[in-house]
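Report on one structure; see the data block that follows.
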Amino acid sequence: MKRITLILMAIMLLMTLTSCKGRRDAAKMPTDEIKAQIASFSPLPSFKEAFRLLDDLQPKDYASILNKQLYRIKPESPNNAFALGVSTADAVIAAKARNKKQLSSVSAEMMNLSSLMGLEEEVKRLDSLLAGFTKQGKWSDIEKALDAMKKMLEDKLWERKDYEYYTLMILGGWAEALNGAGKILTANYSPETTKALSHESTWSGMQANLELFSKPEIKDSETYKSVSELIPKVSQILASHSNNTYTKEQVEELVMLTEQIKQAFPYK
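In the working numbering, the protein residues as written are 13 to 280.
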């Protein structure tokens with residue numbers, strides 16, 4: 013009888029310790045909301061990949077796609093994030109075109125948008141470096157500084173858990189980069205060079221993130237509805253490649269769709 017009592021006491025003690033450990037482990041676990049965010053929103057690649065296979069292009073090629081006017085849309089937080097992405101791509105294009113005037117204008121717009129989003133402290137030092145490199149015409153250093161600035165902004169949005177603004181900024185950069193690259197490749201068409209456009213997984217990733225948006229000011233807007241319809245069309249064309257190459261007609265359609273994505277955001 014004594015032996016049975018001791019066994020029962022040992023079992024109860026073991027159950028108590030296991031229960032306490034379970035409670036401690038549970039306390040360490042993230043909330044359902046945090047788990048959903050961590051599991052659902054995904055980091056996305058840089059739009060610079062759109063230019064990675066276009067190293068043979070000359071400054072004059074990029075000069076041909078410089079925008080005559082800055083991309084400016086209605087100054088609201090979601091729009092600012094998308095416009096900041098577009099501007100980062102425009103800055104890279106201006107640098108590749110070796111156009112100091114355009115680069116200075118776009119850089120100023122980037123600072124303005126960063127300020128509106130509470131990110132001005134993140135880019136002040138890099139902006140000063142960029143201005144110095146631009147004045148001296150150090151184009152390689154300029155492109156490195158732009159890349160660092162873009163990454164710093166994206167990382168800060170991710171750290172702040174502003175996943176929706178993060179996704180919109182990435183989308184803006186990719187829309188502008190694909191639009192510009194498509195224009196260059198259409199003007200100088202050859203199937204082999206269109207391999208630079210083969211980024212279907214990136215666009216599918218942006219669509220997956222977009223489907224997780226919950227902020228009413230974004231999800232209930234006409235812009236969100238339009239963009240949600242356009243991105244899958246881009247992905248579908250990118251998936252319809254032949255040995256990772258695209259026809260001229262497909263490239264032209266990509267240019268049209270990315271232009272429509274930009275136009276989906278209300279202008280000032």
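For glycine and all other residues, C-beta sits at the position ideal for the given N, C-alpha and C. Just so it is clear, the structure is predicted and the values come from calculations on it, not from any experiment.
Opposing strand residues paired with residue i [DSSP bridges]
{"i": "Thr257", "result": "Ser254"}
{"i": "Ile85", "result": "Tyr279"}
Cβ-based burial, residue i [other Cβ within 10 Å; buried from 16]
{"i": "Ser126", "result": "buried"}
{"i": "Asn221", "result": "buried"}
{"i": "Met268", "result": "exposed"}
{"i": "Pro87", "result": "exposed"}
{"i": "Gly194", "result": "buried"}
{"i": "Pro278", "result": "exposed"}
{"i": "Gly184", "result": "buried"}
7 Å CB neighbourhood of residue i in its chain, flanking five on each side removed
{"i": "Ala106", "result": "Leu78, Gln114, Leu115 and Val118"}
Residue i to residue j span [Cα, whole Å]
{"i": "Ser233", "j": "Glu176", "result": "14 Å"}
{"i": "Leu197", "j": "Lys72", "result": "13 Å"}
{"i": "Phe53", "j": "Tyr178", "result": "10 Å"}
{"i": "Glu265", "j": "Lys136", "result": "38 Å"}
{"i": "Lys237", "j": "Ala75", "result": "33 Å"}
{"i": "Met161", "j": "Lys245", "result": "30 Å"}
{"i": "Gln70", "j": "Pro228", "result": "44 Å"}
{"i": "Ser202", "j": "Gly130", "result": "43 Å"}
{"i": "Asn256", "j": "Gln148", "result": "39 Å"}
{"i": "Asp159", "j": "Asn200", "result": "27 Å"}
{"i": "Trp215", "j": "Pro57", "result": "10 Å"}
{"i": "Ala103", "j": "Glu271", "result": "18 Å"}
{"i": "Ala208", "j": "Glu188", "result": "14 Å"}
{"i": "Pro55", "j": "His211", "result": "15 Å"}
{"i": "Ser89", "j": "Ile230", "result": "9 Å"}
Nonlocal neighbours in the same chain, by C-beta distance under 8 Å from residue i, ignoring five residues either side
{"i": "Glu223", "result": "Ser240"}
{"i": "Gln49", "result": "Only weak support exists for where Gln49 lies, its pLDDT of 48 falling under 50; the coordinates are left without a value."}
Beta-carbon proximity list for residue i, same chain, < 6 Å, skipping 5 on both sides
{"i": "Glu155", "result": "Ala107"}
{"i": "Gln262", "result": "Ile249"}
{"i": "Met181", "result": "Ala93, Leu96 and Gly97"}
{"i": "Leu66", "result": "Ala208"}
Test: residue i CB closer than 8 Å to a CB of chain D
{"i": "Glu132", "result": "Of the protein chains in the structure, only one exists, and it is not chain D."}
Problem - Any alpha helix (DSSP H) of 4 or more consecutive residues that is wholly inside the segment 140-185 - result: Runs found: 151-171.
Exercise for the section: Mind listing, in chain order, the continuous beta strand (DSSP E) runs of no fewer than 3 residues lying wholly within the segment 52-116? Expected result: none
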